[in-house]
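Quick mapping for you: the protein sequence lines, in order, are chains A and B.
Letter by letter, the first sequence follows residues 60 to 330 of the numbering used here.
Letter by letter, the second sequence follows residues -16 to 319 of the numbering used here.
This report refers to the structure that appears directly beneath it.
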Amino acid sequence: MPGSSRALRLLAHGALWAFSLAFLLPLLWTLRSALLPEGLAYALPPVWGPWTLENFAQVLQGPFGKAFRNSLLVASLVVLLGLPLAAGLGYALARYGLGGHGLRFAVLAVQMIPPIVLALPLFALMRLLGLSGSLTALVLAYLAFALPFMSWLLMGFFQGIPRELEEAARVDGATPFQAFLRVVLPLAAPGLFAAGILGFLLSWNEFLFALLLSGRETQTVPVALSTLVTQRGVLFAQVAAGVVLSILPVALLARLVDRYLVEGLTLGAVK
Amino acid sequence: MVELKGVHKRFGPVRAVEGLDLRLREGEFFTLLGPSGCGKTTTLRLVAGFEAPDRGEVLIGGEVVNPLPPERRPIGMVFQHYALFPNMTVFGNVAFPLRLRRLPEGEVRRRVGELLEMVHLVGLEGRYPKELSGGQQQRVALARALAREPKVLLLDEPLSALDARIREELRGELKRLQGETGLTTLYVTHDQEEALALSDRIAVMREGRLEQLGTPKEVYEEPATAFVAGFVGSGVLVPGEAREGLFHRGRAWPVRVRGEGRGYLLLRPERLRLDQGGFLEGRVVLATYLGSLVRLEVEAEGLFLKVDLPPEGVPAPGERVRLALPPEAPFVPEGG
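Here it is as structure tokens:
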């Protein structure tokens, strides 16, 4: 029996390694391409050297550095503005049944609309408001999508917090807002982290609205990466370097809060 | 101290509380007792302010509190599942109501120290609720409820989630604390033993209505209705008639009763004895060992009577026995 259980464990580990590799392979390949000179990045048969950081330097000298700052600003603002609003809305949906099923459906329906349908109306609206080409336009557009998503995620999370805890806080002398602030929110921290990271990712990776609504000075990372597709061809190694750079902040953020993130995603999912 | 005047509460088609009138005396340990769904917890929540009555008034300290939210009522509450804040330590939990009142930190520390001493939890200040046993968690909940110095303490089945030994231990603690603090206490339970052991007075509820209000002795020994007789304590209701001070069932039984007319004689297991010259003859159908005693079920004259006996020399199932009836027993009139 011990022998067969060891074999099973080895088999399971083997399968997990295979799955992990399947997921990581594109990322590892991108990293390899980013570290090779432009001409060799997509050479056939594939080569494994000489290694260089030249592509990173090239990318950072171009519009990418500015785009990186823009993306960081836009995604951070979406999270900073969106999270308190989403927490409020999620809580109201979870505890008070705000708006009934109609509002819940509306919140969910926003996620079902293909972004392309809204692209032109949003573009027209931003022009009308005189915001076209500004970072404000991007923040507002992303908020419109991220807010319902974050609210929905947090709603599930708030539903998982026993109502008795809030009642206990009320009997202890807390107003409903104090109970929310001092008891519910700290307990929902994993959910808040999860919603924050996912809201950040949504804004960080978005391309369509960024292409339509941003200007020359307000390009975000995905748009800046697309400029590496030149008339002379695709600068594969630089695109790869840009992709690696664009992944870094999100990976760093996720690493910092991964414990809460996993807890938040799983708890929010089952409740 | 706490008064409910003609309180009604419905949840959709369900009438949770119907025309309830109660008055708790100052410093009294008052218990709402009844089965699930009888309205006892709703009544407690009406006093706490978590529910608003559809009709009627709730008064605390002579003041109508209907419009006041829970945080503005002079109450402390202990919940069935403790409701401790899992992200706060024992200290943080007990200090929570004090910090909400913006007391100076020194005062908070002093008060928390006193309260933890009162519930015998000194030394556990830094622990989180998940690091405590159920009994310890409930003590923290009690300390937190007392921190606000409430006029009324509300206890919602606080012992039901605990195992039997801890429950008994905490029962004594509760009684001691209530005696020390002199707090008017409204206790909700479905456990009649708990109610009898703790209460100054008990209100037995059924389907949103008050079935009987009295001291534990009155409720146990003089049940007003067949429901109370059946719910509080164990016993068998024997249908018959009270006539000229005696119970009759076909013939006169040697049991004195109060009242006249048709009704039920309540025979408690601890009041029946085995006796060679006993009035009833029967056959043992079941003997259940309960540790300190054995409960016999005896079939006699078409009735299944329960008899509690010391564990030694108990007749086996199938044996024929004679039962001696108590000289006096509660009689519940029919329709009561």
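Every residue, glycine too, gets a C-beta built ideally from N, C-alpha and C.
* Asked: Counting only beta-carbon atoms, is A/Gly232 nearer than 9 Å to chain E?
  -> No chain E appears in the structure shown, which is made up of the protein chains A and B.
* To do: Please state if the CB of B/Pro69 and the CB of B/Lys113 are separated by a distance shorter than 9 Å.
  => yes
* To do: Report yes or no: is there a C-beta of chain B within less than 9 Å of the C-beta of A/Arg229?
  => yes
* Using Cβ-Cβ distances below 7 Å, what residues of the stretch 109 to 138 of chain B are close to chain A? -> Arg127, Arg131
* To do: Let me know the secondary structure DSSP gives B/Lys289 once reduced to three states.
  => strand
* **Inter-residue spacing [alpha-carbon to alpha-carbon] between A/Leu181 and A/Val198** => 12 Å
* To do: To the nearest angstrom, report how far apart B/Ala207 and A/Tyr150 are at their CA atoms.
  => 48 Å
* Asked: Which ranges does the alpha helix (DSSP H) cover as unbroken runs of at least 4 residues, wholly within the stretch 271 to 315 of chain A, from first to last along the chain?
  -> 280 to 285, 295 to 315
* Check whether A/Glu265 and A/Tyr201 have beta carbons under 9 Å apart -> yes
* Going along the chain, which residues of the stretch 82 to 98 of chain B sit with their C-beta nearer than 7 Å to a C-beta in chain A? -> Leu83, Arg84
* If you check the beta carbons only, do B/Pro309 and B/Leu250 fall under 9 Å apart? -> yes
* Are the Cβ atoms of A/Arg163 and A/Leu177 separated by less than 9 Å? -> no
* Please report how far the alpha carbon of B/Met(-16) lies from the alpha carbon of B/Pro80, in whole angstroms. => 22 Å
* **DSSP three-state assignment for B/Arg305, whether helix, strand or coil** => strand
* Asked: Measuring CA to CA, which of B/Gly106, B/Trp236, B/Leu125, B/Val95 is closest to B/Pro222?
  -> B/Trp236
* Starting from B/Thr167 and walking both ways along the alpha helix (DSSP H), at which residues does that stretch end? -> Looking at the DSSP string, B/Thr167 is not in any alpha helix (DSSP H); the run it does join, the beta strand (DSSP E), is 167 to 172.
* To do: Give the interface partners of B/Gly59 over in chain A, defined as CB-CB distance under 9 Å, in chain order.
  => Val230, Asp231
* Asked: Which of helix, strand or coil does DSSP assign to B/Val(-15)?
  -> strand
* Secondary structure of A/Tyr319, DSSP reduced to three states -> helix
* Test: B/Gly22 CB closer than 9 Å to a CB of chain A -> no
* How big is the Cα-Cα spacing for A/Ser79 and B/Val171? -> 55 Å
* Asked: Roughly how many whole angstroms lie between the Cα atoms of A/Ser193 and A/Gln170?
  -> 24 Å
* With DSSP as the reference, label B/Met101 as helix, strand or coil. => helix
* To do: State whether the stretch 116 to 135 of chain A contacts the stretch 301 to 318 of chain A, with contact taken as three or more CB pairs (one from each stretch) at a distance under 8 Å.
  => yes
* Asked: If you follow the beta strand (DSSP E) that B/Ala283 is part of, which residue opens it and which one closes it?
  -> 277 to 283
* Spatial neighbours of B/Gly109 within its chain, please: CB distance less than 8 Å, with the 5 preceding and 5 following residues excluded, ordered by chain position. => Thr72, Val73, Phe74
* Expressed to the nearest angstrom, what Euclidean distance is found between the alpha-carbon atoms of B/Glu194 and B/Leu99? -> 38 Å
* Taking 9 Å as the CB-CB limit, is A/Val10 close to chain B? -> An answer regarding residue 10 of chain A cannot be provided, because it is not within the stretch 60 to 330 covered by chain A.
* **Where the alpha helix (DSSP H) containing B/His231 begins and where it ends** => No alpha helix (DSSP H) contains B/His231, which is instead part of the beta strand (DSSP E) from 229 to 232.
* Which parts of the stretch 215 to 241 of chain A are runs of the alpha helix (DSSP H), unbroken and 4 residues or longer, counting only runs that do not cross its ends? -> 222 to 230, 235 to 238
* In whole angstroms, what is the alpha-carbon distance linking B/Val215 and B/Lys200? -> 11 Å
* Any idea which residues DSSP pairs B/Arg239 with across the strands? -> B/Leu229, B/Glu311
* Which value, in whole angstroms, describes the spacing of the CA atoms of B/Leu42 and B/Asn49? -> 8 Å
* To do: Quick one: using the 10 Å Cβ neighbour count with 16 as the cut-off for buried, is A/Ile172 buried or exposed?
  => exposed
* Asked: So what does B/Arg(-2) bridge to, in DSSP terms?
  -> B/Arg(-7)
* For B/Val277, the nearest candidate out of B/Glu284, B/Leu255, B/Gln259 (CA to CA) -> B/Leu255
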